[in-house]
Structures are given as structure tokens and as C-alpha cells.
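Colleague: Here it is: the structure, laid out below.
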Amino acid sequence: MKILSLIAGVLMGAALIYGSLDMPKWGDPHSPASTHVSPYYLQHSIEHAATPNVVTTVLADYRGYDTLGETTVVFTAGMACLLLLGKRRKRQGK
Amino acid sequence: MILPFDLILVLFVYICAIAAITIKDLLSAVVILGAYSFFMCLLWTQMAAIDVAFTEASVSAGIGTVLMIGAVSKTKRRSND
Amino acid sequence: MFEFIVSYYNYWMYIGLMMIGFYAMMAKRNLVKKIIGMNIFQSAIIFFYISTSVKKGATVPILENAHGHATHGIEHGANAINVMQYANPLPHVLMLTAIVVMVATLGVALAVVILIYRRYGTLEEDEIMKLVRRG
Numbered sequence: 235m236k237i238l239s240l241i242a243g244v245l246m247g248a249a250l251i252y253g254s255l256d257m258p259k260w261g262d263p264h265s266p267a268s269t270h271v272s273p274y275y276l277q278h279s280i281e282h283a284a285t286p287n288v289v290t291t292v293l294a295d296y297r298g299y300d301t302l303g304e305t306t307v308v309f310t311a312g313m314a315c316l317l318l319l320g321k322r323r324k325r326q327g328k
Numbered sequence: 027m028i029l030p031f032d033l034i035l036v037l038f039v040y041i042c043a044i045a046a047i048t049i050k051d052l053l054s055a056v057v058i059l060g061a062y063s064f065f066m067c068l069l070w071t072q073m074a075a076i077d078v079a080f081t082e083a084s085v086s087a088g089i090g091t092v093l094m095i096g097a098v099s100k101t102k103r104r105s106n107d
Numbered sequence: 323m324f325e326f327i328v329s330y331y332n333y334w335m336y337i338g339l340m341m342i343g344f345y346a347m348m349a350k351r352n353l354v355k356k357i358i359g360m361n362i363f364q365s366a367i368i369f370f371y372i373s374t375s376v377k378k379g380a381t382v383p384i385l386e387n388a389h390g391h392a393t394h395g396i397e398h399g400a401n402a403i404n405v406m407q408y409a410n411p412l413p414h415v416l417m418l419t420a421i422v423v424m425v426a427t428l429g430v431a432l433a434v435v436i437l438i439y440r441r442y443g444t445l446e447e448d449e450i451m452k453l454v455r456r457g
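Protein chains in written order, with the numbering used here: chain A, 235 to 328; chain B, 27 to 107; chain C, 323 to 457.
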């Protein structure tokens with residue numbers, strides 16, 4: 235079982251290394267990830283939200299619904315922990 | 027990003043990851059996982075992601091370690107592998 | 323050759339961490355060890371996303387010379403913001419969310435592990451399966 239999982243892990247690593255050769259170079263300023271949407275956020279953060287920290291602006295203003303969903307996930311996880319571990323009242327007899 | 031500093035941090039991250047999955051004492055494994063999170067946090071600081079770094083330091087290395095120590099203290103501490 | 327390694331080694335680093343986590347999730351029989359492997363796997367994925375946001379020679383995405391008032395930025399159009407100077411903020415935001423979700427997942431998984439220990443008295447997967455098959 236251990237040898238089988240080792241083989242599966244190495245196969246996955248080889249496939250990912252083969253895929254990583256098509257990635258843009260590390261630290262390339264003109265990679266597609268850093269030229270498409272994020273320059274808009276960097277340029278308009280001050281005039282839209284008056285906040286110098288761009289991460290805060292994107293987190294709370296541009297993508298506020300995302301943060302709302304994250305809060306929902308954390309709330310659901312807390313409720314699940316409470317329901318799983320809370321003292322259960324035994325209701326027997328009927 | 028500074029190349030030698032990055033390589034040293036990545037080396038420490040690898041040592042912590044391999045130690046965390048091979049040690050048989052679960053409490054030690056959990057504490058080493060906390061150290062792994064802190065090294066990860068240093069790695070992200072030198073990649074200019076400071077917000078992610080202090081979220082990792084407070085949430086993943088703080089609350090995560092506390093949760094895992096609580097779970098280990100409620101269950102068994104020894105593990106067979 | 324050296325240039326090639328320097329421009330791609332960061333991706334290989336995260337692939338190695340991901341392999342360690344994957345192996346721990348499959349081969350280890352202890353349930354807490356499996357959860358530790360899951361944690362390593364998730365931080366490897368976050369490592370990959372953060373490394374796509376790096377620009378060479380860029381600083382943290384906090385704007386310099388910002389006065390904190392909206393009108394200043396519009397009036398003084400001269401000090402335009404150089405985008406190449408700051409790292410890409412978008413992966414940072416998404417991974418901030420991912421870290422919090424990671425800890426929420428960890429909490430629920432540990433609660434399930436504690437329940438399994440209360441029911442079966444052990445954390446080893448093969449012993450649990452033996453007890454389950456016996457009925």
C-alpha cells in the first residue's frame with residue numbers, strides 16, 4: 235500500500251512538473267496573471283476607496299461578496315463543530 | 027526575493043514537513059507543523075505578500091495549532107506510523 | 323541552464339511539498355497524520371498561488387505617497403501609479419480567504435476525529451476498519 239501511494243505521488247509530481255514548464259517565468263512582470271485585472275485595482279484603489287493598502291481595498295470593497303461567503307463558511311464550520319461535539323441530551327424512552 | 031535566503035527558507039520548510047509526517051509522537055508532530063507554518067509565513071514575507079503572511083501567522087499557526095493540540099489531548103498521543 | 327533553473331525552481335518547490343502531503347494523506351494510517359498531510363497539501367497550493375503574484379523588483383502592494391484622500395489622487399495626476407512597482411494584490415486576497423477556509427476545514431475534521439475516537443477507542447485506520455467489519 236505504501237509503495238502504491240508512493241508511485242501515485244511521484245506520478246502526480248511528474249505530471250505537475252511537466253505542466254509547470256509551460257508556466258510564465260517566476261517573477262516575470264508581464265505574466266498574464268499580473269497584466270489582466272490587477273493593474274486596474276492598483277491604479278484606482280486610492281480614488282475609489284481612499285485606502286493605500288490595495289489588498290484591503292480588494293478584500294473589503296471590490297470583492298466584498300467573496301468575504302461575505304467566507305464568513306458564511308466560517309460560521310457553518312463553527313456550527314458544525316458545536317453540533318458534533320456539543321453535549322447531547324439523551325432523549326430515550328419513547 | 028533574494029535567492030540564497032529563499033533557498034534556506036525552503037530547506038527549513040522541507041525539513042519541517044518531512045519531520046511532521048514521520049514522527050510517531052503526535053504532539054511533537056503538531057508542534058513541528060506550527061513551526062512549518064511560521065517558516066511558510068517567512069517565505070511569503072520575502073515574496074512581498076505581507077497580508078497573507080500575518081494571516082498565516084495568526085490563523086494557521088496560532089488557531090490551527092491550538093485546535094490540533096486540543097484534539098490530540100482529547101484522543102491518543104501515540105501513533106503507530 | 324542556470325537561468326532555466328532559477329526561473330522555474332519555485333514551481334518545483336511547491337510540487338515537492340504537494341507530493342509530501344499527498345503521500346501522507348494516502349500512506350499514513352493514523353487519522354491525525356492524515357490531517358497533517360492535508361494541511362501541508364493546502365499550504366503547498368497557497369504557495370503556488372502566491373508565487374504567481376511575484377514580480378521581480380516589486381515591493382508590497384501598499385501605495386506610496388498616498389495621502390488617504392480621494393481628491394488628492396485625482397487632482398495630482400502627475401504622480402501616476404507605476405503598476406510594475408507593486409506586487410500583484412489579487413492572489414493575495416484570494417489566498418487570504420483560502421487560509422481561513424483551511425482552518426475551518428481543519429476544525430471540522432478534528433471534530434470528526436474526536437467523535438471517531440469516542441466511538442471506537444482508536445485512531446488507526448486499519449483497526450477502525452476491523453472493528454467496523456466485525457459489526
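For every residue, glycine included, the Cβ atom is placed at its ideal position computed from N, Cα and C. Treat the numbers as computed from the prediction; the structure is a model and nothing was measured.
Is Tyr62(B) buried or exposed, if buried means 16 or more other CB atoms sit within 10 Å of its CB?
Modeller: Reading the second sequence from its first residue, position 36 is the one you call residue 62(B). Tyr62(B) should be labelled buried.
Colleague: With 8 angstroms set as the bound, which would you pick, yes or no: does the beta-carbon of Ile429(C) sit closer than that to a beta-carbon of chain A?
Modeller: Residue mapping note: residue 429(C) aligns to position 107 of the third sequence, counting from 1. The identity of residue 429(C) in the sequence shown is Gly, whereas the question assumes Ile. Yes - at least one Cβ of chain A is within 8 angstroms of the one on Gly429(C).
Colleague: Flag Gly60(B) as yes if its beta-carbon sits less than 8 angstroms from any beta-carbon of chain C, otherwise no.
Modeller: Your numbering for residue 60(B) matches position 34 in the second sequence. No, Gly60(B) lies away from the interface with chain C (no Cβ there is under 8 angstroms from its Cβ).
Colleague: Just to make sure I have the definition right: I need the residues of chain B whose C-beta is within less than 8 angstroms of the C-beta of Gly312(A). Which are they?
Modeller: Walking along the first sequence from the start, residue 312(A) turns up at place 78. By Cβ distance, chain B contributes nothing, its closest Cβ being about 12 angstroms from Gly312(A), past 8 angstroms.
Colleague: Cβ closer than 8 angstroms: which chain F residues qualify as neighbours of Val289(A)?
Modeller: No chain F is present in this structure, whose protein chains are A, B and C.
Colleague: Taking the C-alpha atoms as reference points, what is the distance between Ile41(B) and Pro383(C)?
Modeller: The residue you call residue 41(B) lines up with position 15 of the second sequence. The residue you call residue 383(C) lines up with position 61 of the third sequence. Roughly 31 angstroms separates the two Cα atoms.
Colleague: Closer than 8 angstroms, CB to CB, is Lys328(A) near chain C or not?
Modeller: For the purposes of this step, residue 328(A) is identified with residue 94 of the first sequence, where counting begins at 1. Residue confidence is low: Lys328(A) scores 46 on pLDDT, short of 50, so the model does not pin down where it sits. Its coordinate-derived value is still stated next. No, Lys328(A) does not count as interfacial toward chain C.
Colleague: Exposed or buried, what is Tyr296(A) when buried is set at 16 or more other beta-carbons lying within 10 Å of its beta-carbon?
Modeller: Locating residue 296(A) in the first sequence gives position 62, where the first residue counts as 1. Classification of Tyr296(A): buried, given that the 10 Å Cβ count is 16 or more.
Colleague: Check the Cβ of Ile251(A) against every Cβ in chain C and list those closer than 7 angstroms, keeping chain order.
Modeller: Counted from its first residue, the first sequence places residue 251(A) at position 17. Result: Trp334, Ile337.
Colleague: Within 8 angstroms of any Cβ in chain C, is that where the Cβ of Gly243(A) sits?
Modeller: Numbered from 1 along the first sequence, position 9 holds the residue referred to as residue 243(A). Judged by the 8 angstroms Cβ criterion, Gly243(A) is in contact with chain C.
Colleague: Where does Ile49(B) fall in DSSP's three states?
Modeller: Locating residue 49(B) in the second sequence gives position 23, where the first residue counts as 1. It is coil, neither helix nor strand.
Colleague: Check for me: the alpha helix (DSSP H) holding Trp334(C) runs from which residue to which?
Modeller: Taking the first residue of the third sequence as position 1, residue 334(C) is located at position 12. Where Trp334(C) is concerned, the enclosing alpha helix (DSSP H) stretches over 324–349.
Colleague: Note down, in chain order, all residues in the region 260–293 of chain A with a beta-carbon under 7 angstroms from any beta-carbon belonging to chain B.
Modeller: Per Cβ criterion, the list reads Gly261, Val289.
Colleague: So, are the CB atoms of Met360(C) and Met347(C) less than 8 angstroms apart?
Modeller: In the third sequence, counting from the first residue as 1, residue 360(C) sits at position 38. In the third sequence, counting from the first residue as 1, residue 347(C) sits at position 25. It is a contact, given that the beta carbons lie within the stated cut-off.
Colleague: Mind checking if Thr374(C) is an interface residue toward chain A, Cβ cutoff 8 angstroms exclusive?
Modeller: Looking up residue 374(C) in the third sequence gives position 52. Output row for Thr374(C): interface = yes.
Colleague: Helix, strand or coil: which one does DSSP assign to Ile28(B)?
Modeller: Position 2 of the second sequence holds residue 28(B). It is coil, neither helix nor strand.
Colleague: Beta-carbon separation of Ala409(C) and Val376(C) under 8 angstroms?
Modeller: Along the third sequence, read from residue 1 onward, the residue named residue 409(C) stands at position 87. Along the third sequence, read from residue 1 onward, the residue named residue 376(C) stands at position 54. Their beta carbons are under 8 angstroms apart, which means Ala409(C) touches Val376(C) by this criterion.
Colleague: Under a three-way DSSP split, which group does Ala311(A) fall into?
Modeller: Mapped onto the first sequence, residue 311(A) falls at position 77. DSSP places Ala311(A) in helix when its eight states are reduced to three.
Colleague: Counting pairs of Cβ atoms below 8 angstroms between the region 299–314 of chain A and the region 89–101 of chain B, do you hit three or more?
Modeller: Judged by Cβ distances under 8 angstroms, the region 299–314 of chain A makes no contact with the region 89–101 of chain B, as fewer than three pairs qualify.
Colleague: Can you list, in chain order, the residues of its chain with a C-beta nearer than 8 angstroms to that of Pro266(A)? Leave out the 5 residues immediately preceding and following it.
Modeller: Taking the first residue of the first sequence as 1, we reach residue 266(A) at position 32. Excluding sequence neighbours, Pro266(A) sits near Pro258.
Colleague: Check each residue of the region 349–378 of chain C: if its Cβ is closer than 8 angstroms to any Cβ of chain A, include it; give the result in chain order.
Modeller: The residues in question are Ala349, Ser373, Thr374, Ser375, Val376, Lys377, Lys378.
Colleague: Could you give the distance in angstroms between the alpha-carbon of Leu316(A) and the alpha-carbon of Ser86(B)?
Modeller: In the first sequence, residue 316(A) corresponds to position 82, counting from 1. In the second sequence, residue 86(B) corresponds to position 60, counting from 1. So the alpha carbons of these two residues sit roughly 20 angstroms apart.
Colleague: Can you check which of these residues, Ile357(C), Val354(C), Ala402(C), Gln407(C), is closest to Ala74(B) by C-alpha distance?
Modeller: For the purposes of this step, residue 74(B) is taken as residue 48 along the second sequence, with counting starting at 1. Among Ile357(C), Val354(C), Ala402(C), Gln407(C), the Cα nearest to that of Ala74(B) is on Gln407(C).
Colleague: Classify Pro30(B) as buried or exposed, calling it buried when 16 or more other Cβ atoms lie within 10 Å of its own Cβ.
Modeller: Position 4 of the second sequence, counted from the start, is the residue given in the question as residue 30(B). Flag for Pro30(B) reads exposed.
Colleague: Between Ile463(C) and Ile438(C), is the Cβ-Cβ spacing less than 8 angstroms?
Modeller: No statement about residue 463(C) is possible, as the shown extent of chain C runs from 323 to 457 and does not include it.
Colleague: Is the beta carbon of Tyr336(C) less than 8 angstroms from the beta carbon of Phe363(C)?
Modeller: Position 14 of the third sequence, counting from 1, holds the residue named residue 336(C). Position 41 of the third sequence, counting from 1, holds the residue named residue 363(C). It is not a contact, given that the beta carbons lie outside the stated cut-off.
Colleague: With DSSP as the reference, label Thr427(C) as helix, strand or coil.
Modeller: Stepping through the third sequence from its first residue, residue 427(C) is reached at position 105. Three-state DSSP puts Thr427(C) in a helix.
Colleague: Could you check whether Tyr442(C) and Trp260(A) sit closer than 8 angstroms to each other, using their CB atoms as the reference points?
Modeller: By one-based count along the first sequence, residue 260(A) stands at place 26. By one-based count along the third sequence, residue 442(C) stands at place 120. Contact: no.
Colleague: Within 8 angstroms of any Cβ in chain C, is that where the Cβ of Ser86(B) sits?
Modeller: Along the second sequence, read from residue 1 onward, the residue named residue 86(B) stands at position 60. It does: the Cβ of Ser86(B) has a partner Cβ on chain C nearer than 8 angstroms.
Colleague: By a C-beta neighbour count over all protein chains shown, 10 Å radius and 16 as the cutoff for buried, is Leu37(B) buried or exposed?
Modeller: As a working note, residue 37(B) is residue 11 in the second sequence. Its Cβ having fewer than 16 others within 10 Å, Leu37(B) is exposed.
Colleague: With DSSP as the reference, identify every bridge partner of Glu446(C), one or two as the case may be.
Modeller: Residue 446(C) sits at position 124 when you count from the first residue of the third sequence. Per DSSP, Asn352(C).
Colleague: Could you list which residues in chain C have their beta carbon closer than 9 angstroms to that of Leu223(A), in chain order?
Modeller: Shown here, chain A extends from 235 to 328; a query on residue 223(A) therefore has no answer.
Colleague: In this structure, how does DSSP classify Arg104(B) when only helix, strand and coil are distinguished?
Modeller: Within the second sequence, numbered from 1, the residue matching residue 104(B) stands at position 78. Correct three-state label for Arg104(B): strand.
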